[in-house]
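Take a look at the structure set out below.
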Amino acid sequence: MDVYVPDHYRVLGVAVQADQAAIKDAYRKLSRVYHPDRHNGSARATECFQFISGAHSDLIDPQKRLHYDRLLVLRDPLRLVDDPRAERALDVLDLVVRRFRKKPEALPGAARGRDLRVKYTVAFATAALGGTVFVNVAYDSACSDCAGQGTREPEKNPVCHVCQGKGTVSHGLRREHSQCGFCGGRGAVMLAVCATCRGVGIAHVRRDIGVSVPARAASGSVLRVKGVGEQPALGTQPGDLVIDLEVLPHPLLTSDGDDLVLRLPLTWRQALTGGSVQVPTLEGPERLTLPTDAGTRREIRVAARGLPIANGGRGALRVLLTLDCPGGLQPEQVASVLALQDQVGDDRFAAVRDYEATLAKLFSAATV
Ligand SMILES: [Zn+2]
Ligand SMILES: [Zn+2]
Numbered sequence: 006m007d008v009y010v011p012d013h014y015r016v017l018g019v020a021v022q023a024d025q026a027a028i029k030d031a032y033r034k035l036s037r038v039y040h041p042d043r044h045n046g047s048a049r050a051t052e053c054f055q056f057i058s059g060a061h062s063d064l065i066d067p068q069k070r071l072h073y074d075r076l077l078v079l080r081d082p083l084r085l086v087d088d089p090r091a092e093r094a095l096d097v098l099d100l101v102v103r104r105f106r107k108k109p110e111a112l113p114g115a116a117r118g119r120d121l122r123v124k125y126t127v128a129f130a131t132a133a134l135g136g137t138v139f140v141n142v143a144y145d146s147a148c149s150d151c152a153g154q155g156t157r158e159p160e161k162n163p164v165c166h167v168c169q170g171k172g173t174v175s176h177g178l179r180r181e182h183s184q185c186g187f188c189g190g191r192g193a194v195m196l197a198v199c200a201t202c203r204g205v206g207i208a209h210v211r212r213d214i215g216v217s218v219p220a221r222a223a224s225g226s227v228l229r230v231k232g233v234g235e236q237p238a239l240g241t242q243p244g245d246l247v248i249d250l251e252v253l254p255h256p257l258l259t260s261d262g263d264d265l266v267l268r269l270p271l272t273w274r275q276a277l278t279g280g281s282v283q284v285p286t287l288e289g290p291e292r293l294t295l296p297t298d299a300g301t302r303r304e305i306r307v308a309a310r311g312l313p314i315a316n317g318g319r320g321a322l323r324v325l326l327t328l329d330c331p332g333g334l335q336p337e338q339v340a341s342v343l344a345l346q347d348q349v350g351d352d353r354f355a356a357v358r359d360y361e362a363t364l365a366k367l368f369s370a371a372t373v
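Start counting at 1 in the sequence shown, then tack on 5, and there's your number in our numbering.
Okay, structure coming up:
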């Protein structure tokens, strides 16, 4: 709906035939209500007072009034036919003590607030064990400081005499309805506005919402927190907060069923003598003691360090051991390692033997 800038006669609340005395009287009366000094310089009061002073200055001078009337007839040819509503307009203003009782109404078709949908990236450990995360959300909601009314002192906001509280005015030959420019369509002139929402009745809310992430949550999970989201007006049902969860991959751990898997590279010393190494777990770093024959093992299972299981237990942390080999060895260094291997014998490489045996079985089976 477009905004109709009210005409001077309506602003002063006088009939189009009003004489100078009536215009002066209306101006004096309205100035007492809207003078910005009476409203701590409120922006709305200043705006209204500018409307009123402009109307007064154009209508009190006969020459200016003639000029203005010509413009008015161009805009609304029937306008200079007396408007019976005008005489009642100032009576309406006399009722300013009437409280502004217009309750905030829910927008049609918006009885329930819209859902807020946000993406949230959760750490691997939090997603695995479950826990509470805080999601920062921003949304519009009925201002709680003024109950969505835009003011905490409705008695200070006079009923608009231009639209007589309707919020719309009709004009032109086709009697089109437009939002009243004097009160901004509120029906009351918001002289005392709520500081929190600046009179809009809607507050922009930004806050952290605690969201409970279930154990073993995966990327793509959708979490819903009821009643956190847009609320078109106080008393209507707020929307929900809907979270699209993304789980950040762990740099060292992966999951496999109920277990977590860690690939742990060993040096020759660790492979041959064991020792203590640091490993990551969901709870943080832990020390793991390697057996002295670590190099001959493929896997070490650490019980109850895996994913939570429905029955209350935990899967295991499976540490897959691999032997690291230093790069950039000098030829004589390679020769001494190979001399050691010759001395030990190729048969002692158990994993390699197993592999070769399995391979041989695979191909002989395939050829049968
Ligand atoms: Zn109005
Ligand atoms: Zn407010």
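From the three backbone atoms N, C-alpha and C, an ideal C-beta is built for every residue, glycine too.
Nearest candidate by alpha-carbon position, reference residue i, set the options
i	options	result
LYS124	LEU364, SER224, PHE368, PRO11	SER224
GLU306	ASP263, ASP30, GLY215, PRO243	This sequence places Arg at residue 306; Glu is not what is there. The shortest Cα separation from ARG306 among ASP263, ASP30, GLY215, PRO243 belongs to ASP263.
GLY289	THR327, ARG229, ASP120, ALA133	ALA133
ASP261	ARG353, ILE314, ALA20	ILE314
GLY177	THR156, PRO82, LYS171	PRO82
ALA20	VAL86, ARG319, THR286	VAL86
CYS330	THR272, THR286, ASP352	THR272
ALA375	ARG119, ASN45, GLN25, GLN169	Past the boundaries of the shown model lies residue 375; the chain is included only from 6 to 373, so the question cannot be answered.
ARG80	ASP245, ARG180, GLY350, GLY189	ARG180
ARG49	GLY244, ARG191, ASP63	ARG191
Where the beta strand (DSSP E) containing residue i begins and where it ends
i	result
SER146	136-147
CYS199	Taken as a continuous stretch (DSSP letters only), CYS199 belongs to no beta strand (DSSP E), as it is neither H nor E.
ARG179	From DSSP, ARG179 is part of no beta strand (DSSP E); its letter is neither H nor E.
PRO285	280-286
VAL266	264-271
GLY59	Counting along the chain, GLY59 falls outside any beta strand (DSSP E), though it belongs to the alpha helix (DSSP H) covering 48-65.
LEU295	289-295
VAL421	There is simply no residue 421 to check, as the chain begins at 6 and stops at 373 in what is shown.
Check whether residue i and residue j have beta carbons under 8 angstroms apart
i	j	result
CYS148	ALA208	yes
GLY135	PRO254	no
VAL174	VAL167	yes
PHE187	PHE56	yes
VAL247	VAL127	no
ALA356	ARG274	no
GLY172	CYS151	no
LEU312	PRO285	no
GLY206	GLN242	no
ARG310	ALA299	no
N-terminal and C-terminal residue of the alpha helix (DSSP H) that residue i is part of
i	result
PRO331	Segment: none, PRO331 is in no alpha helix (DSSP H) and carries neither H nor E.
ASP261	Note, ASP261: premise wrong, no alpha helix (DSSP H); beta strand (DSSP E) at 258-261.
VAL339	336-349
ARG211	Taken as a continuous stretch (DSSP letters only), ARG211 belongs to no alpha helix (DSSP H), being part of the beta strand (DSSP E) at 207-218.
ILE28	25-39
ARG15	13-17
Mind listing, in chain order, the residues whose beta carbon lies closer than 5 angstroms to a non-hydrogen atom of ligand 2? CYS148, ASP150, CYS151, CYS199, THR201, CYS202
Give the residues whose C-beta lies closer than 5 angstroms to at least one heavy atom of ligand 1, in chain order. CYS165, VAL167, CYS168, CYS185, PHE187, CYS188
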